[in-house]
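Colleague: Throughout the sequence shown, residue numbering follows the numbering used here, covering 26 to 525 in sequence. All C-beta atoms in this analysis are idealised placements derived from N, C-alpha and C, irrespective of residue type, glycine included.
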Amino acid sequence: MQVFGITISKTTLPLLYLACSIVGYLLLRESIHLVQHSIAVRVITVFLGLGFICMSLPAIFQINTYRISSKVTLLMALWLASSCLSTLIGDNPWPAMVRWFEILTNCLIGLCLYLLIHNKPELKPLVIKAVIAALLLCVIVFVLFWHLSPAPEQHNWTSDIPFFLNIRHFSYLAAAALPFGYWLLENNEYKNRIAVVILYLSICWGLIFWLGGRAAFLGVITATFIYFILSRTHIKSVLLSILIGLLLSQLFIAESANLNMFRLFDLFLNSESKDLNNHSSFRMKIYLESIQYWWQEVPFLGIGADGYRYITPAIAGLDNITHPHSIFIQLLLSFGIPGAIIPMYLFLLLTYSIFKKQANLTITEKILYLPILSSIVSGMFNGIFYHAYGLFISTIILAICIPSYTGYNRQVHSNTISSKKVPSIITLLTLITGLYYLIFSAQLYASKIGCTDKNWINWNAKYPLYFSPNGSYSRYSEDDIEDFKKSYYRNYQNRNCIAK
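See below:
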C-alpha cells in the first residue's frame, strides 16, 4: 500500500503521521475552543507527539545500533535531569511540570525522528514539504479572511489571526520556513521550476515584511547572509523574491502599529519621543530585571520550567507577559547555569561540525542548517521556543538536519550507543508523560467547562496542574489558591441553581 507515492512500513508510517501532524495541529487548534490558550494548546502538540513516538517504537525496537554520540546523549540526559530537579523544587511544581513534560516530549520526538530519518533519509523532503504546506495553508486562510472581513484595515490582526493566538507566532513559522526556499533552489528536483520557488520565497518575504516581527526579520536576514556565503548561484533569484515580497506586503496595509515593514525601522522613526526600552517593546527592562531576579534568587538551578509565568509581582510589572522573550534568558532563569550552558554548547557543537565537515556535505545538506539558525537567532529576542507550535516545528527541523551534519549516517562510530534500553526508556517516559497530560487535560476541561462537585475542586486545588475558575489562565501564587477555590464554589453553586 502506498500513500503520496510512499510505501507504508513500520518506518514510513510514523513519518507520514508526523508530516500530517504539522498541518493537523493548525486545524485542531482552530477548531477546538478548549485548547486555544497558550498553556492549553500544549495538549495538542504533546498528544500529537506522543502518537508519533508510539508509532515509531516498532521500528526503533528493530534497530541494532543507535548511531548517537554518547557524549551528546549524556549531556542531554544531564540537562533533562537538571531541568526536572529545578522544576520540582520550584514554587509551582505541579503546573510547571506540565511545561517540563512538553519539553521532554519534544526531546523524544526529536530522538525518534532522528533514528527513523537516519534509516530513511529519502523521506526528509516529506517532512520539509509538510512545514512548507503548513505555512502556505496559513497564508491562504489569511488572504481569505482578509477579503471576507468588512474592514480588514481596522481589524485587530495582532491578537485575532487564523491559527494563532498572537501574530508573532505566525512570524515564528515564517522565520523557520523561509530558509527551506533556499533548499528548494539548490534541489535538482526543482531545477526546472525556479519560478515556483521564487514565488514561495516571495510569499515568505512578504509575510516577514507584513508581520513586522523584528526578531524574525533578523533571523531570516542572518540565514540569507549565510546562504550567500555557501552558494552564489541564486543570489539574483533571492534578491528578486525579496523585492516581490516587499511589494506584496504593501497590498495588505493595516492600521495597527505592530504590523508592516515600517515597524522594522521603528528605531529610526520618531526616535526623539522613544527610549531604547520603548523601541524594544519593553524587552530591555524585561531582560535586565529577569537577569537580576535570576542572580539574586536562584543563580545555579533556576526557578523551574515556566517559572517566569509565576513570578509575583511580575517582571517589569507586566502581568500579561508570560516569558522573557529570549531563549537564553528563559533557559538561564528557568534552569540556571547548566540549563543554559548545555544547549548553547550543543548548538555550537552542531555549528562547528557543519563547517568542519563541509567538504563531505552536499549544498542541500549545508542549507538545512539555515532554518535552525534562523529560529535560534529569532529565539534570542522572541518566544519561538516557548510557544507550543514554535517548539514543535523547531524540534522537527533540528531532528531532520542533524544526521546530515554529524556523519553518523556514513559510518558506525565507536562512541555510538548499542542497547535495547533506548526504546524501553522511551516507552516508559512516554507512558508517564501521557498519564500526566491526561490529568492536565481533565483539569483543563473541568476549569473551562465546569467542575462536577466540591471534592473535585478540592483535589484540583491540591494538585493544580491547571486551575482557573474564569476559563482563562492568569498569574497566581499559592496564596491565591484559596480565593480560586471560593470562585469555583460560587460557580458550582450557581450551576446547581440553574440546573434546578
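Which residues mark the beginning and the end of the alpha helix (DSSP H) in which I409 is found?
Modeller: Here I409 belongs to no alpha helix (DSSP H), and DSSP marks it neither H nor E.
Colleague: May I ask you to report which of helix, strand or coil DSSP gives F189?
Modeller: Looking at F189 - three-state DSSP - the assignment turns out to be strand.
Colleague: Do you know whose CA, among I278, W230 and H172, lies nearest G270's CA?
Modeller: Among I278, W230 and H172, the Cα nearest to that of G270 is on W230.
Colleague: What does the Cβ neighbour count give for E211, buried or exposed, with the cut at 16 atoms within 10 Å?
Modeller: Classification of E211: buried, given that the 10 Å Cβ count is 16 or more.
Colleague: State buried or exposed for N483, treating a residue as buried only when at least 16 other CB atoms are found within 10 Å of its CB.
Modeller: N483 is exposed by the Cβ-count criterion.
Colleague: Return the first residue and the last residue of the beta strand (DSSP E) that I346 is part of.
Modeller: From DSSP, I346 is part of no beta strand (DSSP E); its letter is neither H nor E.
Colleague: Would V437 be called buried (16 or more neighbouring beta carbons within 10 Å of its own) or exposed?
Modeller: Residue placement at V437 is flagged as unreliable, the pLDDT there being 39, under the threshold of 50; the coordinate-derived value follows with that caveat. With fewer than 16 Cβ atoms within 10 Å of its Cβ, V437 is classed as exposed.
Colleague: Tell me where the beta strand (DSSP E) around I93 begins and ends.
Modeller: Its beta strand (DSSP E) spans residues Y91 to S94.
Colleague: Going by Cα to Cα distance, which pick from G404, S306, L454 and K35 is closest to I354?
Modeller: I354 has its Cα closest to that of G404, out of G404, S306, L454 and K35.
Colleague: According to DSSP, is T452 part of a helix, a strand, or is it coil?
Modeller: Note: T452 maps to helix in three-state DSSP.
Colleague: Output the distance between the C-alpha atoms of Y430 and K391, rounded to the nearest integer angstrom.
Modeller: Because Y430 carries a pLDDT of 38, less than 50, the predicted location of this residue cannot be relied on, and the following value inherits that uncertainty. Whole-angstrom Cα-Cα distance: 8 angstroms.
Colleague: With respect to the alpha helix (DSSP H) encompassing L393, which residues constitute its N-terminal and C-terminal limits?
Modeller: No alpha helix (DSSP H) contains L393, which DSSP labels as neither H nor E.
Colleague: Could you spell out the range, first to last residue, of the alpha helix (DSSP H) harbouring F167?
Modeller: Counting along the chain, the alpha helix (DSSP H) containing F167 begins and ends at K149 to L173.
Colleague: Kindly indicate if chain C contains any beta-carbon less than 8 angstroms away from that of H194.
Modeller: The structure shown contains no chain C; it is built from a single protein chain.
Colleague: Is I31 helix, strand or coil by DSSP?
Modeller: In the structure shown, I31 sits in a strand (DSSP, three-state: E or B).
Colleague: Tell me whether L386 sits in a helix, a strand or coil according to DSSP, three-state version.
Modeller: Residue state, collapsed to three classes: coil.
Colleague: From I228 to C163, what does the alpha carbon distance come to, in whole angstroms?
Modeller: About 11 angstroms.
Colleague: Kindly provide the ranges of any alpha helix (DSSP H) runs that are 4 or more residues long and lie completely inside the region 53-81, ordered along the chain.
Modeller: The qualifying runs do not exist here; there are none.
Colleague: With burial defined as no fewer than 16 other Cβ atoms inside 10 Å of the residue's Cβ, what is the status of D185: buried or exposed?
Modeller: Classification for D185: exposed.
Colleague: Could you give the distance in angstroms between the alpha-carbon of G76 and the alpha-carbon of V66?
Modeller: Computed Cα separation, rounded: 16 angstroms.
Colleague: Three-state secondary structure (DSSP) at S419?
Modeller: S419: helix per DSSP, three-state reduction.
Colleague: Taking the alpha carbon of L393 as the reference point, which residue from N283, L203 and S34 has its own alpha carbon closest?
Modeller: The residue with the shortest Cα to Cα distance from L393 is L203.
Colleague: How would you label R334, buried or exposed, when you count the other beta carbons within 10 angstroms and need 16 or more for buried?
Modeller: So R334 counts as buried.
Colleague: So, helix, strand or coil for I254, using DSSP?
Modeller: Correct three-state label for I254: helix.
Colleague: Where do the N-terminal and C-terminal ends of the alpha helix (DSSP H) with G8 fall, by residue?
Modeller: Any answer about residue 8 is impossible in this case: the structure gives the chain only from 26 up to 525.
Colleague: How far does the alpha helix (DSSP H) with R308 in it reach, from first residue to last?
Modeller: Element bounds for R308: R308 to E322.
Colleague: Run through DSSP, which three-state label would Y197 get?
Modeller: Note: Y197 maps to helix in three-state DSSP.
Colleague: Within its chain, find whatever has a CB closer than 6 angstroms to the CB of F86; leave out the 5 residues flanking it on each side and keep chain order.
Modeller: Around F86: P448.
Colleague: Going by CA-CA distance only, name the one from L373, T130 and I366 that's closest to L456.
Modeller: Nearest option by C-alpha distance: T130.
Colleague: For the candidate residues Y370, T452 and A106, whose alpha-carbon lies nearest to that of G329?
Modeller: The candidate whose alpha carbon is nearest that of G329 is A106.
Colleague: Would the beta-carbon of A575 fall within 8 angstroms of that of V48?
Modeller: Limits of the chain in this structure are 26 at one end and 525 at the other, which puts residue 575 out of reach.
Colleague: Ignore the nearest five residues each way along the sequence and tell me which others in W125's own chain have a CB closer than 7 angstroms to its CB.
Modeller: For W125, where only same-chain residues beyond five positions count, the Cβ hits under 7 angstroms are S108, C109, T112 and A330.
Colleague: If we count the other Cβ atoms within 10 Å of its Cβ and call it buried at 16 or more, is P324 buried or exposed?
Modeller: Exposed is the call here.
Colleague: Can you grab the Cα-Cα spacing for the pair L173 / I165, in whole Å?
Modeller: If you take the alpha carbons of L173 and I165, they lie about 12 angstroms apart.
Colleague: Where do the ends of the alpha helix (DSSP H) carrying L133 lie?
Modeller: Segment P118 to N144, the alpha helix (DSSP H) holding L133.
Colleague: Roughly how many angstroms separate the alpha carbons of R154 and T183, rounded to a whole number?
Modeller: For the record, residue 154 in the displayed sequence is Lys; it is not Arg. Those two C-alpha atoms are separated by around 27 angstroms.
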